[in-house]
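Input: a single structure, listed below in structure tokens.
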Amino acid sequence: MFPTALSRKPPKQVSDPPKGPGAASAAPVFKQATLMSILSLQSLSLDYVEAGSRRKRRVLDNINLHIASDEFVVVIGRSGSGKTSLLNLAAGFTEPSEGRVLVDGREVDGPGADRAVVFQDDALYPWLTAAGNVAFPLKLRKVARAERQRRAEALLAKVGLDGSAHKNIWELSGGMRQRVGIARALASGPRFLLLDEPLGALDALTRSRMQKFLLDVWVESKTGALLITHSLDEALLLATRVVVLAPNPGRVVADIRTEFGRALLGGESVKDIKALSTFKSLHDELTALIHADEEEIAA
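Residues 130 to 428 (the numbering used here) make up the sequence shown, in order.
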């Protein structure tokens with residue numbers, strides 16, 4: 130009923146960003162690739178050594194997942210299914226026990242500018258202003274001060290924080306801080322955004338607004354997205370594909386294409402989307418998949 134693998138497609142051309150006055154002399158706010166990119170997780174397995182012993186525990190087993198730069202892939206699963214471990218492997222923070230991570234066919238050997246990570250706790254530098262945080266990766270790349278300030282302010286405006294460039298981090302609300310974190314992640318023009326429950330600490334109203342914001346950023350920046358979440362509603366509202374992990378060890382049990390995010394981008398309200406019979410049906414299917422092992426144990 131549901132597809133369990135993604136068919137690989139050859140790279141294709143995507144449209145260039147529109148040009149306007151001054152475009153020839155200023156770098157674009159969102160640095161966009163001219164070719165489709167693919168983030169590939171090939172036969173990935175991960176073992177941890179248990180504390181106090183030399184025994185290894187398999188956390189992830191034989192993960193095969195391919196994410197194109199025009200996709201918004203959301204990973205869900207019960208606690209302990211290895212969702213964050215999967216993201217850490219994709220980011221290059223953790224080395225796999227088996228298998229490979231590749232970007233456009235080149236093996237990943239650590240973190241890189243082509244994969245930007247956004248965390249739940251925003252991980253901003255409290256001693257820098259909002260603009261200083263966004264400009265920091267540009268400073269590391271030796272971008273001139275005036276240019277990185279211009280790009281930082283433009284990115285902040287793009288994420289709805291126009292006029293907040295000189296504010297201190299502690300002056301910002303939780304939602305505003307996450308927007309700064311996302312702007313900073315986009316500053317280096319990554320091919321992929323890796324998001325580890327970035328909305329998990331927000332209140333319900335702010336979280337709902339931020340979900341639409343994430344979709345807008347994904348469309349405009351043309352970066353592929355890999356999002357970790359515990360929320361089934363969030364997964365269905367954002368994803369072009371929902372990947373379900375089962376635990377002990379973590380493994381892919383479903384890879385499901387969805388279109389509700391595109392409906393949200395097209396102007397449909399969250400209320401109307403959630404009222405659809407297809408949304409409710411898929412929500413029930415995902416719930417059953419996530420809790421399948423629990424039902425088997427209970428039986």
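Don't be surprised by glycine CBs; every beta carbon is placed ideally from N, CA and C.
Remember, it's a predicted structure, so these values are computed and weren't measured experimentally.
Cα-Cα, which of the options is closest to residue i?
i: Gly206; options: Glu363, Ala180, Ser410, Glu397; result: Glu363
i: Leu189; options: Val373, Met339, Glu397, Ser406; result: Val373
i: Gln307; options: Leu267, Leu361, Glu276, Asp250; result: Asp250
i: Glu276; options: Gly261, Pro225, Ile196, Val288; result: Gly261
i: Leu253; options: Asp176, Ile298, Val346; result: Ile298
i: Val247; options: Arg370, Leu355, Arg270, Ser174; result: Leu355
i: Lys212; options: Gly396, Ala375, Arg370; result: Ala375
i: Leu285; options: Glu200, Leu301, Lys271; result: Leu301
i: Asn377; options: Ser166, Met165, Asp176; result: Asp176
i: Met165; options: Thr223, Val232, Gly209, Asn191; result: Val232
i: Ala264; options: Arg279, Arg235, Ser214; result: Arg279
Would you mind giving the Cβ-Cβ distance between residue i and residue j, rounded to the nearest angstrom? I have them listed as a contact below 8 Å.
i: Gly353; j: Leu168; result: 6 Å
i: His295; j: Thr258; result: 5 Å
i: Ile402; j: Ala392; result: 6 Å
i: Leu331; j: Gly310; result: Rounded, the Cβ-Cβ distance is 12 Å, inconsistent with contact.
By DSSP, does residue i sit in helix, in strand, or in coil?
i: Arg186; result: strand
i: Arg229; result: strand
i: Asp243; result: coil
i: Val348; result: helix
i: Thr91; result: Nothing can be reported for residue 91, as the shown portion of the chain is limited to 130 through 428.
i: Gly441; result: Outside the modelled stretch of the chain, which goes from 130 to 428, sits residue 441, for which no answer is possible.
i: Leu334; result: helix
i: Ser154; result: With a pLDDT of only 37 at Ser154, under the threshold of 50, the placement of this residue in the model should not be trusted; the figure read from the coordinates follows. In this structure, Ser154 counts as coil in the three-state DSSP scheme.
i: Ala427; result: Summary for Ala427: the model assigns pLDDT 42, below 50, so the residue's position carries little reliability; its value from the coordinates is reported in the next sentence. Helix, per DSSP.
i: Glu224; result: coil
i: Ala375; result: strand
i: Ala283; result: helix
i: Thr213; result: helix
i: Ala294; result: coil
The beta strand (DSSP E) spanning residue i covers which residue range?
i: Gln171; result: 167 to 178
i: Gly206; result: 201 to 206
i: Asp325; result: 321 to 325
Using 7 Å as the threshold, is the C-beta distance between residue i and residue j below it?
i: Phe342; j: Leu366; result: no
i: Ser198; j: Arg320; result: yes
i: Ser174; j: Gly228; result: yes
i: Ala220; j: Leu322; result: no
i: Leu394; j: Leu344; result: yes
i: Ser350; j: Leu328; result: no
i: Ile196; j: Val204; result: no
i: Leu216; j: Ile357; result: yes
i: Val237; j: Leu170; result: no
Would you kindly report the start and end of the unbroken alpha helix (DSSP H) that includes residue i?
i: Ala417; result: 406 to 419
i: Ala501; result: Past the boundaries of the shown model lies residue 501; the chain is included only from 130 to 428, so the question cannot be answered.
i: Val272; result: Neither: Val272 is in no alpha helix (DSSP H) and is coded neither H nor E.
i: Leu315; result: 303 to 315
i: Phe248; result: Looking at the DSSP string, Phe248 is not in any alpha helix (DSSP H), and its letter there is neither H nor E.
i: Ile402; result: 399 to 403
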